[in-house]
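For reference, the structure discussed in these notes is given below.
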Amino acid sequence: MQNWSKNFYERVLYLLEVKLKLIGFSSGGVGHEGNVGRIVKAIMDKSGLEAEFVKLTDLTYSGCKGCVQLCAVPQVCRLQDDLFPYYQKIKEADAVVIGTPVYGNTFNAIMYSFLERFFGYRHVSFALQDKPFVLVVCGHRKTDTATEHLQERLRRSAVKIVDTVQFVSNSPPCLMCGRHRECSIGGLYTVMGEAAHTLTVTPDLFCKWENSSDTIIAVESAVTKLKGVLAI
Ligand SMILES: Cc1cc2nc3c(=O)[nH]c(=O)nc-3n(C[C@H](O)[C@H](O)[C@H](O)COP(=O)(O)O)c2cc1C
Numbered sequence: 170m171q172n173w174s175k176n177f178y179e180r181v182l183y184l185l186e187v188k189l190k191l192i193g194f195s196s197g198g199v200g201h202e203g204n205v206g207r208i209v210k211a212i213m214d215k216s217g218l219e220a221e222f223v224k225l226t227d228l229t230y231s232g233c234k235g236c237v238q239l240c241a242v243p244q245v246c247r248l249q250d251d252l253f254p255y256y257q258k259i260k261e262a263d264a265v266v267i268g269t270p271v272y273g274n275t276f277n278a279i280m281y282s283f284l285e286r287f288f289g290y291r292h293v294s295f296a297l298q299d300k301p302f303v304l305v306v307c308g309h310r311k312t313d314t315a316t317e318h319l320q321e322r323l324r325r326s327a328v329k330i331v332d333t334v335q336f337v338s339n340s341p342p343c344l345m346c347g348r349h350r351e352c353s354i355g356g357l358y359t360v361m362g363e364a365a366h367t368l369t370v371t372p373d374l375f376c377k378w379e380n381s382s383d384t385i386i387a388v389e390s391a392v393t394k395l396k397g398v399l400a401i
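Its first residue numbered 170, the sequence shown is counted upward by one per residue in our numbering.
Below, the structure written as structure tokens:
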């Protein structure tokens, strides 16, 4: 029945040539698709919408440079760097997914610079008012503070935060840095103590959200809520 309904809605949208657009961003670590990017992609795929994924870490850009006379009238950031095309795409998208890792107990600076330029949407009125946003926050230890900070940041743009998916991996970055055997200050040592100095790093130590039943449910729930607000 569910599949039938899905096909039915897809056919109706196709016949009406109404193609809802989703754009998703991840500020997850460079050189691999970590939990952040994979959750963002999963939400995009499961939504069934036409979707574009952007890995912010692969782009070169800065935060807001204060050239407010440029963004005031178009109500979109006009700074000419790799992010330039995406601010207009966000304006035109029907929904947006934003994912960040936790760095230093908050969302990372790559995400901060990206969101700082949402200032362009706030002149006289809110250009993104009530646009549906799904948020994704992943950390190795704790995500609640970063989630509050991210939500607070986005509320400044008056968007509609539909849901936030959080995933705690228990896999600190020390597992990748290669110096855990000589380190007594990092996250791995904090959690394991001296045992970190003899640890052999094996693939099973890298926890994936796909193996967490709670996170699978959270992703499904976010997609259901997103489809609900989009009435699909
Ligand atoms: C520089 C740095 C700082 C981090 N700080 C925290 C932290 O304060 N709290 C936490 O829970 N995880 C922290 N982490 C772990 C990442 O948030 C976590 O590994 C996340 O899942 C990475 O996502 P990705 O694999 O998609 O890049 C940190 C990682 C890095 C590289």
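Just so you know, even glycine gets a beta-carbon here, dropped at the ideal spot from N, CA and C.
Where does residue i sit, in a helix, a strand or coil, going by DSSP?
i	result
Ile212	helix
Ser282	helix
Cys307	strand
Pro372	helix
Gln171	In this prediction, Gln171 scores a pLDDT of 48, lower than 50, which makes its location untrustworthy; the coordinate-derived value is nonetheless stated afterwards. In this structure, Gln171 counts as helix in the three-state DSSP scheme.
Ala264	strand
Leu189	coil
Ile330	strand
Lys258	helix
Ala400	coil
Arg322	helix
Gln244	coil
Ser231	coil
Ser390	helix
Ser195	strand
Ala296	coil
Gln335	strand
Thr312	coil
Can you grab the Cα-Cα spacing for the pair residue i / residue j, in whole Å?
i	j	result
Gly235	Val360	42 Å
Thr393	Leu319	22 Å
Leu218	Thr371	37 Å
Val209	Ala264	13 Å
Leu374	Gly362	16 Å
Leu323	Ile330	8 Å
Cys233	Ala327	19 Å
Arg325	Leu248	20 Å
Cys376	Ser294	43 Å
Tyr255	Asp383	32 Å
Leu395	Val388	11 Å
Val306	Leu297	21 Å
Leu228	Cys240	21 Å
Ala400	Ala211	20 Å
Cys346	Gln238	43 Å
Glu221	Gly193	6 Å
Ser381	Asn339	12 Å
Ala364	Arg310	18 Å
Ser353	Thr314	25 Å
Leu191	Leu368	42 Å
Buried or exposed: where does residue i fall if 16 or more other Cβ atoms within 10 Å of its Cβ makes it buried?
i	result
Asn274	exposed
Gln171	Confidence at Gln171 is low in this model, with a pLDDT of 48, below 50, so the placement of that residue should be treated as unreliable; the coordinate-derived value is given next. With fewer than 16 other Cβ atoms within 10 Å, it is exposed.
Arg350	exposed
Leu201	Residue identity check: residue 201 is His in the sequence provided, not Leu. Classification for His201: exposed.
Gly206	buried
Ile385	exposed
Asp251	exposed
Thr312	buried
Asn277	buried
Val199	exposed
Arg348	exposed
Phe287	buried
Among the options, which residue has its Cα nearest to the Cα of residue i?
i	options	result
Lys300	Asp383, Ser338, Val266	Val266
His366	Cys343, Thr384, Ser382	Cys343
Gly308	Gly197, Val187, Leu191	Gly197
Val120	Tyr358, Lys215, Ser353, Val187	This structure cannot settle anything about residue 120, because the visible part of the chain is limited to 170 through 401.
Gln244	Asp250, Asp251, Lys260, Leu399	Lys260
Val187	Ala262, Asp332, Glu321, Phe276	Ala262
Ser391	Ser340, Gln335, Ala364	Note that residue 391 is Ala in the sequence shown, not Ser. Taking only the C-alpha atoms, the option nearest Ala391 is Gln335.
Trp378	Thr316, Asn277, Asn204, Phe222	Asn204
Pro341	Lys190, Leu189, Tyr272, Val223	Tyr272
Taking 6 Å as the cut-off, is the CB of residue i close to at least one heavy atom of ligand 2?
i	result
Gly198	Ligand 2 is not part of the structure shown, which contains ligand 1 as its ligands.
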